[in-house]
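In order, the protein sequences belong to chains Z and C.
Per my numbering, residue 80 is the first one in the first sequence, and the count goes up by one each step.
Per my numbering, residue 80 is the first one in the second sequence, and the count goes up by one each step.
Note that CB positions come from ideal geometry on N, CA and C, so glycine has one too.
Being a predicted model, the structure only gives us computed values, none of them experimental.
Here's the structure we're looking at; comments come further down.
Protein chains: 2
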Amino acid sequence: MAKRNAPTILDVAERAGVSKSLVSLVMRESPNVSEDKRRAVLEAARELGYRPNAAARSLVRQRTYLIGVMVSDFGNPFFSDLLEGVEEAALLAGYRALFNTGSRLPAREVSAVDTLLQLRTDGIVLASPRFEDRELAKIPRSVPAVVVGKNTGAAGIDVVMNDDHHGSDLMVEHLVRLGHRRIAHLHAVPGAGAAARLEGFISAMTARGLDPMVVEGGFTEAAGVAGARALLDLDPRPTAVFAANDVAAMGVMRVLESAGMRIPEDISLAGYDNVDFASLEHIGLTTVDQPRRQIGTMAVELLLERINGSRSRRRRVTVEPTLIERTTTGPPPPSD
Amino acid sequence: MAKRNAPTILDVAERAGVSKSLVSLVMRESPNVSEDKRRAVLEAARELGYRPNAAARSLVRQRTYLIGVMVSDFGNPFFSDLLEGVEEAALLAGYRALFNTGSRLPAREVSAVDTLLQLRTDGIVLASPRFEDRELAKIPRSVPAVVVGKNTGAAGIDVVMNDDHHGSDLMVEHLVRLGHRRIAHLHAVPGAGAAARLEGFISAMTARGLDPMVVEGGFTEAAGVAGARALLDLDPRPTAVFAANDVAAMGVMRVLESAGMRIPEDISLAGYDNVDFASLEHIGLTTVDQPRRQIGTMAVELLLERINGSRSRRRRVTVEPTLIERTTTGPPPPSD
DNA sequence: CCGGCACCTTGGAACGTTCCAAGCCCACTT
DNA sequence: AAGTGGGCTTGGAACGTTCCAAGGTGCCGG
Numbered sequence: 080m081a082k083r084n085a086p087t088i089l090d091v092a093e094r095a096g097v098s099k100s101l102v103s104l105v106m107r108e109s110p111n112v113s114e115d116k117r118r119a120v121l122e123a124a125r126e127l128g129y130r131p132n133a134a135a136r137s138l139v140r141q142r143t144y145l146i147g148v149m150v151s152d153f154g155n156p157f158f159s160d161l162l163e164g165v166e167e168a169a170l171l172a173g174y175r176a177l178f179n180t181g182s183r184l185p186a187r188e189v190s191a192v193d194t195l196l197q198l199r200t201d202g203i204v205l206a207s208p209r210f211e212d213r214e215l216a217k218i219p220r221s222v223p224a225v226v227v228g229k230n231t232g233a234a235g236i237d238v239v240m241n242d243d244h245h246g247s248d249l250m251v252e253h254l255v256r257l258g259h260r261r262i263a264h265l266h267a268v269p270g271a272g273a274a275a276r277l278e279g280f281i282s283a284m285t286a287r288g289l290d291p292m293v294v295e296g297g298f299t300e301a302a303g304v305a306g307a308r309a310l311l312d313l314d315p316r317p318t319a320v321f322a323a324n325d326v327a328a329m330g331v332m333r334v335l336e337s338a339g340m341r342i343p344e345d346i347s348l349a350g351y352d353n354v355d356f357a358s359l360e361h362i363g364l365t366t367v368d369q370p371r372r373q374i375g376t377m378a379v380e381l382l383l384e385r386i387n388g389s390r391s392r393r394r395r396v397t398v399e400p401t402l403i404e405r406t407t408t409g410p411p412p413p414s415d
Numbered sequence: 080m081a082k083r084n085a086p087t088i089l090d091v092a093e094r095a096g097v098s099k100s101l102v103s104l105v106m107r108e109s110p111n112v113s114e115d116k117r118r119a120v121l122e123a124a125r126e127l128g129y130r131p132n133a134a135a136r137s138l139v140r141q142r143t144y145l146i147g148v149m150v151s152d153f154g155n156p157f158f159s160d161l162l163e164g165v166e167e168a169a170l171l172a173g174y175r176a177l178f179n180t181g182s183r184l185p186a187r188e189v190s191a192v193d194t195l196l197q198l199r200t201d202g203i204v205l206a207s208p209r210f211e212d213r214e215l216a217k218i219p220r221s222v223p224a225v226v227v228g229k230n231t232g233a234a235g236i237d238v239v240m241n242d243d244h245h246g247s248d249l250m251v252e253h254l255v256r257l258g259h260r261r262i263a264h265l266h267a268v269p270g271a272g273a274a275a276r277l278e279g280f281i282s283a284m285t286a287r288g289l290d291p292m293v294v295e296g297g298f299t300e301a302a303g304v305a306g307a308r309a310l311l312d313l314d315p316r317p318t319a320v321f322a323a324n325d326v327a328a329m330g331v332m333r334v335l336e337s338a339g340m341r342i343p344e345d346i347s348l349a350g351y352d353n354v355d356f357a358s359l360e361h362i363g364l365t366t367v368d369q370p371r372r373q374i375g376t377m378a379v380e381l382l383l384e385r386i387n388g389s390r391s392r393r394r395r396v397t398v399e400p401t402l403i404e405r406t407t408t409g410p411p412p413p414s415d
């Protein structure tokens, strides 16, 4: 028997013996209220368990102080730090972050965004949306929006991206410095960011006068397994493998190990993303880290610029990845 | 220059040449509307990009059809499936799920819950709240609430729990069946669910006439490392180690390997939780799986029972874990 | 003693919906 | 021809806030 009716500002006003306007003033921490009335109101509010109704408030203010975030997939560990970044930056600016998910289904994602729009959040962050750009382009007509974890050409939408091109370059640089010359990239055909990683790999290799070896893979462990099999057939074999992401690298690792090769003594292996398990000492995967938290805070900053009206031109920001050197990479075998 | 003013029901009414009430009827898919007016309204709404204002709606309906979820930590992979379960069940019942986080800080968690309360969500799911029960107990006064991923005695709050006691029993059963008699449990002193796992381990062992070996560990890789060192000092050494969770098991794995022991030939290792990396073939950790998705859907069902007023008595539900047998467990060495 | 001013307090309008009671229209019955 | 009823449509009240203009009160200076 939960009492469904929450106390309103009028209940508080009556109990404290003041007008509703005064209660409103106290709740918004206005300085123009006498100390005794303030205390009386606060006391009454506490006794009644009063809590302002966000709906009524947003209706008259025409502002919600809410940032909505549509996350395509809560299961993707890449997002967790990013979301914390959003939360952090929103809080700092006096906003609250509210999250939503489409469970990886485009239609549901659209409906999740719709929920956010109906709530009239002051801005929307879209984390790797999977629906079409056509749908995307409608959003900024009603509210400032920014896409992260994916690129988009949709008009009126800001973008925060990791510089995948540069990330690949960092990795090639690292491997070359160790002495590798035959480096293979296992790329993820249609995956988000995969194209830029591949392209970065190719240009990094050719810029150093090396021949880029490329094998098709994907972003899953199974794809890594398949790719690794293809790798072993290459002649000459590469001395280092750079997978499109950490999960695929794990598939590669398994195949290499069961083929009797030692990592990194016989062959070096690297991934991309620096997911949590990459740092387990049992794995110790060398990889490229994206500043995920920063991507989140940056997204909020872009939103705030638009909310405050200080910008209306489209902006796309890239953040710099860093190399994380662990134990799966080392010098090539002496014979090479 | 995003136009801040979204079209209202009145704009649609004017454009379609009908009253606002009729528009409202169409939006709510009432059957008592003539086909031509319905089309006219829908057309006008589409042209204007009209979207109902959730705040105004919730104000008069006294219902939001929203389920709020406070997640203590988006980074905990345990939650992702759980959240999908919540989303799924909410959608099925005509509700939308909205997520929130406290970034592991008790004070922030309280404020995240407050945001949900101000929004007047029709129910609240608390995923492993870290704040005190005193604070928890206030929530059900305003709205139905259920806690998951943690136990609580707070009045008026429902609970959905994994049966950790049974999970330990499953694991002991598995190891004993393989032939192990000296089994050690690495327990996590104050962690959520740790007490039940330890207790389950002890009673499972004694019920089989075996001596429970217990070493202090924790839920982190470092704790696993420390615990594993203590394990190696035991005399006689255990032939199997059951860690409090998968992450700690990874710490154990590393120590055992660098001590030159093979898993599972020389010693068996198991974890708890079945996190994503446990299934990587390079790891292949035997573990206990909690039906995370089911925990999420169950939580929503409990909420709905209260929302519909069909129950007001407190309910606590436990869900059954299952054993996931992989490659880190096997028969003890023949000498034993 | 009055006016002015600062400070505090107040009622009413507005925000965008839903709900309700009532109205209109037309076909059908008697 | 009038009455009845059903199908469709409508205006106004209500939801719980904030904002605004205006009202009080008390003190100070002239």
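#1: Report yes if the C-beta distance between C/T366 and C/Y351 is below 7 Å; otherwise report no.
#2: Distance, Cα to Cα, Z/A307 vs Z/A338?
#3: What residue range is occupied by the uninterrupted alpha helix (DSSP H) comprising C/L383?
#4: At a Cβ threshold of 7 Å, is C/H361 touching chain Z?
#5: Which one of C/D237, C/F280 and C/T397 has the shortest CA to CA distance from C/S391?
#6: Would you verify that the beta carbon of Z/S389 is, or is not, closer than 7 Å to some beta carbon of chain C?
#7: Using a Cβ-Cβ cut-off of 7 Å, state whether C/A168 counts as contacting chain Z.
#8: Could you tell me which chain C residues have their CB closer than 8 Å to the CB of Z/S137, listed as they occur along the chain?
#9: Please classify Z/T408: is it buried, with 16 or more other beta-carbons within 10 angstroms of its beta-carbon, or exposed?
#10: With a threshold of 8 Å on Cβ separation, who are the neighbours of C/E126 within its own chain once the five nearest residues in sequence on each side are excluded?
#11: In chain C, which residues lie less than 8 Å from Z/A85 when you measure between Cβ atoms?
#12: If I follow the unbroken beta strand (DSSP E) through Z/A206, where does it start and stop?
#13: Relative to the alpha-carbon of Z/V189, which residue among Z/A85, Z/R209, Z/L170 and Z/T200 has its alpha-carbon at the smallest distance?
#14: Could you check if Z/A301 is buried or exposed, using at least 16 other CB atoms within 10 Å of its CB as the buried criterion?
#15: C/V268 and C/V398 look like a contact to me (Cβ under 8 Å); what is the Cβ gap, rounded to whole Å?
#16: First and last residue of the beta strand (DSSP E) that includes Z/R395?
#17: Quick one: Cα of C/L311 to Cα of C/T318, how far?
#18: Span of the beta strand (DSSP E) holding C/G279?
#19: Using a C-beta to C-beta distance shorter than 7 Å, which residues of chain C count as neighbours of Z/L196?
#20: Output the boundary residues of the alpha helix (DSSP H) element that contains C/H244.
#21: So with Cβ pairs under 7 Å, would you call Z/L171 a contact of chain C?
#22: Give, in chain order, every residue of the region 176 to 187 of chain C whose Cβ lies closer than 7 Å to some Cβ of chain Z.
#23: Note down, in chain order, all residues in the region 368 to 382 of chain C with a beta-carbon under 8 Å from any beta-carbon belonging to chain Z.
#24: Grouping DSSP H, G and I as helix and E and B as strand, with all else coil, what is C/K82?
#25: List the whole-angstrom C-beta distance separating Z/A349 from Z/L265, where the pair is believed to meet the contact cut-off of C-beta under 8 Å.
#26: What is the DSSP secondary structure of Z/A123, reduced to helix, strand or coil?
#27: Just list the beta strand (DSSP E) runs in the region 85 to 163 of chain C, keeping only unbroken ones of 3 residues or longer that don't cross its boundaries, in chain order.
#28: Starting from Z/E295, follow its DSSP beta bridges and name the residues at the other end.
#29: With distances taken between CB atoms, is the gap from Z/E163 to C/S182 smaller than 7 Å?
#30: Terminal residues of the continuous beta strand (DSSP E) containing Z/R392?
#31: Grouping DSSP H, G and I as helix and E and B as strand, with all else coil, what is Z/T401?
#32: Just the C-alpha distance for Z/P400 and Z/R372, rounded to the nearest angstrom, thanks.
#33: Compare the C-beta of Z/M80 with all C-beta atoms of chain C and state if any pair is closer than 7 Å.
#34: So which residues on chain Z does C/R333 lean against when the C-beta distance must stay under 7 Å?
#35: Can you list, in chain order, the residues of its chain whose CB lies under 8 Å from that of Z/A263, leaving out five sequence neighbours each side?
#36: Under 7 Å Cβ to Cβ from Z/M106, same chain only, skipping five residues before and after it: list those, please.
This is what the structure holds:
#1: yes
#2: 10 Å
#3: R371 to I386
#4: yes
#5: C/D237
#6: no
#7: no
#8: A134
#9: buried
#10: R94
#11: R199 and S221
#12: G202 to A206
#13: Z/R209
#14: exposed
#15: About 25 Å; that fails the 8 Å criterion.
#16: R395 to V398
#17: 11 Å
#18: Careful: C/G279 lies outside any beta strand (DSSP E), inside the alpha helix (DSSP H) at A273 to A286.
#19: R130
#20: D243 to L257
#21: no
#22: L177, F178, N179, T180 and S182
#23: none
#24: Annotation note: pLDDT 46 at C/K82 (below 50); position unreliable, coordinate value reported separately. Three-state result, C/K82: coil.
#25: Not a contact, Cβ separation roughly 10 Å.
#26: helix
#27: 145 to 150
#28: Z/H266
#29: yes
#30: Z/R392 -> no beta strand (DSSP E), and no H or E assigned at all.
#31: strand
#32: 12 Å
#33: Note that Z/M80 has pLDDT 35, beneath the 50 cutoff, so the model's placement of it is unreliable and the number below is only indicative. Cβ-Cβ to chain C under 7 Å: yes for Z/M80.
#34: E360 and H361
#35: M292, V293, V294, L310, L313, P317, A319, V320 and F321
#36: P131
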